[in-house]
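K.L.:
Below: one structure in structure tokens.
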Amino acid sequence: MEKTAVIQDPFSNSAAASFRTASYHSQPSDRQPARRQQFKSYRLNGEYERPWLGDSRLKRSRVGSYIIWGFVGLGLAISAYINFTVTQKVSKHQYCLILDDQFSSLNEDTWNREIDGFGTGAFDWTTTDEKNAFVDGEGLHIVPTLTTESTSITPEQLVNGYTLNLTKAGGDGSCTGTTNTACSIRSNKTTGAIIPPIRSARLNTKGKKSIQYGRVEVVAKMPKGDWLWPAILNETYGAWPTSGEIDILETRGNDVDYVVGGRDIMSSSLHWGPTPETDSFWRSTRGKALRRTDYSRGFHTFGIEWSKDYLFTYIDSPLQQVLYWGFDKDQNMWQKGHYEGVTVNSSLVKDPWSQTGNPNTPFDQPFFLIMNVAVGSSNGWFPDGIGGKPWTDVGQAASDFYSIEPLRPGTSAQDAGWTPSSSIKQQQDGGAEEKIAKK
75 MEKTAVIQDP FSNSAAASFR TASYHSQPSD RQPARRQQFK SYRLNGEYER
125 PWLGDSRLKR SRVGSYIIWG FVGLGLAISA YINFTVTQKV SKHQYCLILD
175 DQFSSLNEDT WNREIDGFGT GAFDWTTTDE KNAFVDGEGL HIVPTLTTES
225 TSITPEQLVN GYTLNLTKAG GDGSCTGTTN TACSIRSNKT TGAIIPPIRS
275 ARLNTKGKKS IQYGRVEVVA KMPKGDWLWP AILNETYGAW PTSGEIDILE
325 TRGNDVDYVV GGRDIMSSSL HWGPTPETDS FWRSTRGKAL RRTDYSRGFH
375 TFGIEWSKDY LFTYIDSPLQ QVLYWGFDKD QNMWQKGHYE GVTVNSSLVK
425 DPWSQTGNPN TPFDQPFFLI MNVAVGSSNG WFPDGIGGKP WTDVGQAASD
475 FYSIEPLRPG TSAQDAGWTP SSSIKQQQDG GAEEKIAKK
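Numbering-wise, the sequence shown is residues 75 to 513 according to this note's numbering.
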């Protein structure tokens, strides 16, 4: 009979035996199974000499090992103690929820719409127009629009012969600003003064929701578009920046190849100083860049944690800090700004915070929240001569800016707008609140 071979797994424990069996399994066999040979140990009988056991060097080596492992254990114990003591020093905040807005609507019990802007250096004026700030299924949108497309003001009136007066004196009284320069303007072709060519929105919680020490988190997606300037900030000791300002987030809508940072870079800052000329924001500004993406391609959580001892901002998690600023008991903000002996207009500046005795003044008072999208500026946020900037900060900046099309072809209003959607959470530090009340 023809022999038939069966292929077996070569790595099987019984591969060889199985192969032989399979090769001849069709033929009967009269062979008797082989006897298994009994295992025989070749180990020597009797006692063995082990002279190394009596060698003192072995004992010393063993003692050395015990010492090493003892120090390792001691090090671990000390490390555990240090970590425990450090965690005990970390502030344990008792946060109380003040605001949790999911933006199913624009709640007037929470938000104010600002109407002003002519004195800020940007080229937009903020309005109550639903086109500039609205809520839909995605959340809250802040969208800049062209003045000539969203009002009855004509292109000719924009540059000459038109008065926009929002003051109570001769105007419609709708302005929420505190100065006439922020509420009234007249276009004049000769001087280059024009009506702000862009309308946008600026929302705040002033008088409605504020915190003194706590945490704020805003889930937002940044806008696309050159010269857009979105910001989230918190703003008591007089005029700016004496009262202090906390910029949780600022960025530029320019593309990622913009030299000083486009929409792939965000920054956080503290503004403080006795006068606008002595603002020390440059001492307390830090930024964070994204790789291979930018802040307009998805939602991120922008947060701040603020106490009487420190303040820090972060992205997505408190572990990803952007700016950290400690309030040292032995050095107040006047000293940190090195203002002693500083002069402005040949006059020594005075310490506006000396009466408090707090090292964290002016960041020791309740702050409210602001969100806005500005367009352009003349304060250096967009440096001259960089990235094809079509205006200079000196001269007729707004007029020069109007000579270009702010919303360029291919850029929709939705892209140019901002979606600080998803949610905003504002939490007051209840523990700090109790301490303040006791004082």
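Quick reminder that beta carbons are idealized off the backbone N, C-alpha and C, glycines included.
I'd like the list of long-range same chain contacts for D246, defined as Cβ closer than 8 Å, with 5 residues on each side in sequence excluded.
P.N.:
N239, L240
K.L.:
Could you tell me which residues DSSP puts in a beta bridge with I175?
P.N.:
Reading the sequence as shown, one finds Asp at residue 175 and not Ile. Its beta-bridge partners are I498.
K.L.:
Give me the DSSP bridge partner(s) of I306.
P.N.:
L323, M445
K.L.:
Ignoring anything shorter than 3 residues, give me the beta strand (DSSP E) runs that lie fully in the segment 345-430, in order along the chain.
P.N.:
359-363, 374-380, 384-389, 391-400
K.L.:
Closer than 8 Å by C-beta to P24: which residues in its own chain qualify, once you throw out the five before and the five after it? Chain order, please.
P.N.:
Residue 24 is absent from the structure shown; the chain starts at 75 and stops at 513.
K.L.:
Since I believe Y369 is in contact with D338 (beta carbons under 8 Å), could you give me their beta-carbon distance rounded to a whole number of angstroms?
P.N.:
The pair is a contact, with the Cβ atoms about 7 Å apart (cut-off 8 Å).
K.L.:
Classify Q111: buried if its beta carbon has 16 or more other beta carbons within 10 angstroms, exposed otherwise.
P.N.:
exposed
K.L.:
Could you work out which residue in T200, G211, T194 is closest to R187 when comparing CA atoms only?
P.N.:
T200
K.L.:
Just the Cα atoms here: how many angstroms apart are L232 and Y476?
P.N.:
10 Å
K.L.:
Do D329 and G336 have their C-beta atoms within less than 8 Å of each other?
P.N.:
yes
K.L.:
So who's on the other strand from L214, going by DSSP bridges?
P.N.:
V209
K.L.:
Is it buried or exposed for P457, if we count other Cβ within 10 angstroms and need 16 for buried?
P.N.:
exposed
K.L.:
Measure from the alpha carbon of V422 to the alpha carbon of each residue in Y413, G138, E204, W380, then state which is nearest.
P.N.:
At residue 422 the sequence reads Leu, which differs from the Val that was named. For L422, the nearest C-alpha among the options comes from Y413.
K.L.:
Taking a contact to mean a Cβ-Cβ separation below 8 Å, would you say N406 touches T435 in this structure?
P.N.:
yes
K.L.:
Hey, E379 and F386: beta-carbon distance below 8 Å or not?
P.N.:
yes
K.L.:
With DSSP as the reference, label R94 as helix, strand or coil.
P.N.:
For R94, the pLDDT reaches just 43, beneath the cut-off of 50, and the residue's location in the model is therefore unreliable, although a value from the coordinates is still provided. Here R94 sits in helix by DSSP.
K.L.:
State the beta-bridge partners of W43 as determined by DSSP.
P.N.:
The displayed coordinates of the chain run from 75 to 513. Any statement about residue 43 would go beyond what the structure contains.
K.L.:
Do the CB positions of I320 and F441 come within less than 8 Å of each other?
P.N.:
Yes, the pair counts as a contact, with Cβ atoms nearer than the cut-off.
K.L.:
Assign V290 to one of three DSSP states: helix, strand, or coil.
P.N.:
V290: strand per DSSP, three-state reduction.
K.L.:
Can you give me the C-alpha to C-alpha distance between Q168 and R289, rounded to a whole angstrom?
P.N.:
11 Å
K.L.:
Within the segment 227-281, note down every full beta strand (DSSP E) run reaching 3 residues or more, in order along the chain.
P.N.:
You should have 237-239, 258-260, 272-274, 276-278.
K.L.:
With 16 other CB atoms within 10 Å as the buried threshold, where does N419 fall?
P.N.:
Exposed, by the Cβ-count rule.
K.L.:
Is the segment 170-188 close to the segment 270-285, with three or more CB pairs under 8 Å?
P.N.:
Segment contact: the segment 170-188 against the segment 270-285, three or more CB-CB distances shorter than 8 Å; contact assigned.
K.L.:
Taking its Cβ as the centre, do 16 or more other Cβ atoms sit within 10 Å of P516, making it buried, or is it exposed?
P.N.:
A query on residue 516 cannot be resolved here, the shown segment of the chain reaching from 75 to 513 and no further.
K.L.:
Closest by CA to P271, which one among K295, G347, T225, W303?
P.N.:
T225
K.L.:
In terms of alpha-carbon separation, which member of C257, T255, R273 lies closest to P218?
P.N.:
R273
K.L.:
Does the beta-carbon of C170 have 16 or more other beta-carbons within 10 angstroms, so that it is buried, or is it exposed?
P.N.:
With fewer than 16 other beta carbons inside 10 angstroms of its own, C170 counts as exposed.
K.L.:
Looking at I189 and C249, is the spacing between their C-beta atoms short of 8 Å?
P.N.:
yes
K.L.:
Could you compute how far the alpha carbon of R357 sits from the alpha carbon of S342?
P.N.:
11 Å
K.L.:
If you compare alpha carbons, which of R276, K424, G361, M296 is closest to Y398?
P.N.:
G361
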